[in-house]
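Data block below; observations after.
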Ligand SMILES: Nc1ncnc2c1ncn2[C@@H]1O[C@H](COP(=O)(O)OP(=O)(O)OP(=O)(O)O)[C@@H](O)[C@H]1O
Ligand SMILES: [Mg+2]
């Protein structure tokens with residue numbers, strides 16, 4: 242059960258909102274070092290699942306285990322402290338703080354020294370081509386830059402193990418998308434960060450992820466390489482049937 | 149960089165100015181300024197909670213009242229000396245406001261405002277209705293800290309308290325906690341996901357800001373010699389908000405400038421007490437319409453305008469970089 246290579250285990254996760262079953266018994270596992278895609282039509286329950294992994298919601302039923310430990314029901318900051326970062330579908334950045342201050346928050350909560358946090362932030366902002374804006378108020382950035390900042394902010398956490406991203410490529414300029422993809426590949430190779438990425442961009446997911454999990458109407462309907470799942474009738478139905 | 153130094157220099161000059169001022173003004177204006185400093189402490193501490201942290205509380209004046217009654221009652225009924233009754237007043241406001249913070253963890257905006265308002269009304273009416281104990285609407289005599297009604301020592305007392313308040317809030321806002329408070333205001337969900345323990349820091353903001361109000365209230369009672377439930381009147385809360393808004397919410401100097409300037413203005417208009425509130429209201433409307441950030445925004449715009457002239461018309465604002473093509 243507690244296989245060392247499994248960093249994340251979803252075990253029959255059910256989430257009910259009023260009368261609506263947003264997640265209906267979802268089970269799957271993610272291995273350490275993987276870049277896993279999570280796809281499915283609109284309203285299939287992807288964001289709801291992520292919100293449970295990161296503690297925004299508690300699961301109605303089932304278990305979510307991270308490195309063998311149950312994490313559903315824990316507070317988001319506790320889960321963050323365990324080495325899980327996330328991004329939001331609609332970027333959530335601290336608009337009235339500067340770009341640099343945004344970067345420092347996860348480093349400070351982790352107890353990094355000022356020096357370490359600042360050096361790290363400079364490096365990452367350099368990488369993301371945001372250095373020139375570091376002392377600007379975040380609200381002066383573009384929508385794509387919000388998303389980019391949100392993503393590199395998560396990399397501020399030292400010892401980041403699992404990064405959960407909700408639609409990181411949605412609505413961003415091609416050049417920014419390139420930076421995001423590069424950062425994911427780099428962090429995965431150099432730091433062995435595991436990724437769980439929700440996206441509608443099949444081509445990008447196909448190139449990044451060796452394995453994808455498909456949700457439809459709150460349930461897991463398929464899993465495998467992009468090529469494999471694309472030929473499964475249920476998956477085709479889910480996408481065509483709306 | 150030198151901007152920081154200029155800021156501290158201006159602060160130091162103002163403090164020195166305030167320290168020598170009583171030599172040149174009469175007792176009446178010393179008294180007026182003492183009260184203005186009292187309100188400046190309330191405004192600055194409310195700005196910490198409701199401005200920087202975004203928790204819009206309408207109970208701040210009530211914590212001032214609770215601090216005042218706690219210390220005065222402890223002295224009057226139990227004979228406890230100042231040096232214990234005043235800290236007790238501060239601790240009690242911190243305790244009650246922490247409990248309120250816990251109660252309000254899941255609410256924000258209008259709901260938070262309503263809950264805190266209701267709490268303030270309960271507190272005010274408690275002091276009104278338990279008149280055998282509290283003196284009710286007639287008020288309660290409070291022993292004077294310096295045994296005299298001569299205002300000079302109280303002027304220096306409140307000047308010192310105000311300086312201490314400013315230093316404390318500056319230290320908090322420049323520390324990591326300041327980052328967390330601002331992050332909570334901007335987006336509490338993102339803050340939590342970035343590891344901020346929002347329960348701890350929301351309660352911290354409530355406790356520190358209300359503790360400062362309680363401190364101001366406790367000293368206020370022992371300076372004026374008489375406290376009454378009027379301290380808990382909603383008008384008092386409205387005035388605190390007006391001070392902060394006119395001066396500039398979410399700025400350090402704004403609430404203090406707002407409180408002192410408006411108190412002086414009100415004093416100058418004392419003879420025309422009917423038009424006083426009219427002028428004040430007009431001021432709020434004008435400032436809100438043209439300088440959304442209050443007097444500090446006006447100052448920023450003037451500074452920017454001067455700098456623009458110096459730089460030959462090029463503004464340093466709105467330079468947004470579009471990243472170059474990434475290679476991947
Ligand atoms: N807080 C909530 N309260 C009630 N219903 C919700 C809530 N969050 C999500 N839902 C519902 O749950 C279902 C799944 O939503 P979810 O956002 O998880 O889908 P998704 O797969 O992320 O969709 P999209 O691709 O559009 O982002 C939807 O029907 C949605 O309306
Ligand atoms: Mg979604």
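Residue numbers (the working numbering), protein chains in the order written: chain U, 242 to 483; chain R, 149 to 476. A virtual CB, placed ideally from N, CA and C, is assigned to each residue, including glycine. Only a predicted model underlies this, so the values are computations on that prediction, with no experimental measurement involved.
Does any heavy atom of ligand 2 sit closer than 6 Å to the C-beta of residue i?
i, result
"residue 264/R", "no"
"residue 399/R", "no"
"residue 293/U", "no"
"residue 386/U", "no"
"residue 391/U", "no"
"residue 420/R", "no"
"residue 330/U", "yes"
Under 6 Å from any heavy atom of ligand 1, does the C-beta of residue i make it?
i, result
"residue 263/U", "yes"
"residue 458/U", "no"
"residue 440/U", "no"
"residue 313/U", "no"
"residue 289/U", "yes"
"residue 283/U", "yes"
"residue 442/R", "no"
"residue 412/U", "no"
"residue 482/U", "no"
"residue 286/U", "yes"
"residue 269/U", "no"
"residue 258/U", "yes"
Could you pull the start and end residues of the beta strand (DSSP E) that residue i belongs to?
i, result
"residue 454/U", "452 to 457"
"residue 326/U", "325 to 327"
"residue 306/U", "302 to 307"
"residue 264/U", "261 to 272"
"residue 438/U", "435 to 439"
"residue 258/U", "247 to 258"
"residue 407/U", "403 to 407"
So the candidates are the options; which of them puts its Cα closest to the Cα of residue i?
i, options, result
"residue 302/R", "186/R, 428/R, 438/R", "186/R"
"residue 348/U", "344/R, 380/R, 359/R, 376/R", "344/R"
"residue 445/U", "410/U, 458/U, 433/U", "410/U"
"residue 292/U", "340/R, 456/R, 425/R", "340/R"
"residue 346/R", "350/U, 308/U, 338/U, 301/U", "350/U"
"residue 449/U", "276/U, 251/U, 256/U", "276/U"
"residue 300/R", "175/R, 449/R, 432/R", "175/R"
"residue 452/U", "258/U, 265/U, 274/U, 256/U", "274/U"
"residue 388/R", "376/R, 375/R, 432/R", "432/R"
"residue 398/R", "153/R, 192/R, 180/R, 426/R", "192/R"
"residue 379/R", "371/R, 365/R, 391/R, 370/R", "365/R"
"residue 105/R", "197/R, 250/R, 224/R, 297/R", "Since the first residue shown for chain R is 149 and the last is 476, residue 105/R is missing from the structure and cannot be characterised."
"residue 298/U", "316/U, 372/U, 281/U", "316/U"
In terms of residues, what are the limits of the alpha helix (DSSP H) holding residue i?
i, result
"residue 304/R", "300 to 322"
"residue 387/U", "384 to 395"
"residue 460/U", "Not the alpha helix (DSSP H): residue 460/U falls in the beta strand (DSSP E), residues 460 to 465."
"residue 182/R", "175 to 194"
"residue 361/U", "355 to 368"
"residue 277/U", "Not the alpha helix (DSSP H): residue 277/U falls in the beta strand (DSSP E), residues 276 to 280."
"residue 287/U", "287 to 294"
"residue 343/U", "340 to 350"
"residue 274/R", "257 to 277"
"residue 442/U", "Run containing residue 442/U: none; DSSP gives neither H nor E here."
"residue 377/U", "Looking at the DSSP string, residue 377/U is not in any alpha helix (DSSP H), and its letter there is neither H nor E."
"residue 251/R", "230 to 251"
Considering only the beta carbon of each residue, do residue i and residue j sit closer than 7 Å?
i, j, result
"residue 336/U", "residue 380/U", "yes"
"residue 413/U", "residue 385/U", "yes"
"residue 333/R", "residue 442/R", "no"
"residue 326/U", "residue 404/U", "yes"
"residue 264/R", "residue 190/R", "no"
"residue 278/U", "residue 438/U", "yes"
"residue 220/R", "residue 362/R", "no"
"residue 290/R", "residue 237/R", "no"
"residue 404/R", "residue 226/R", "no"
"residue 407/U", "residue 295/U", "no"
"residue 267/U", "residue 249/U", "no"
"residue 252/U", "residue 303/U", "yes"
"residue 330/R", "residue 397/U", "no"
"residue 256/R", "residue 354/R", "no"
Strictly below 9 Å CB to CB, what residues from chain C border residue i?
i, result
"residue 327/U", "Note that chain C does not occur in the displayed structure, where the protein chains are U and R."
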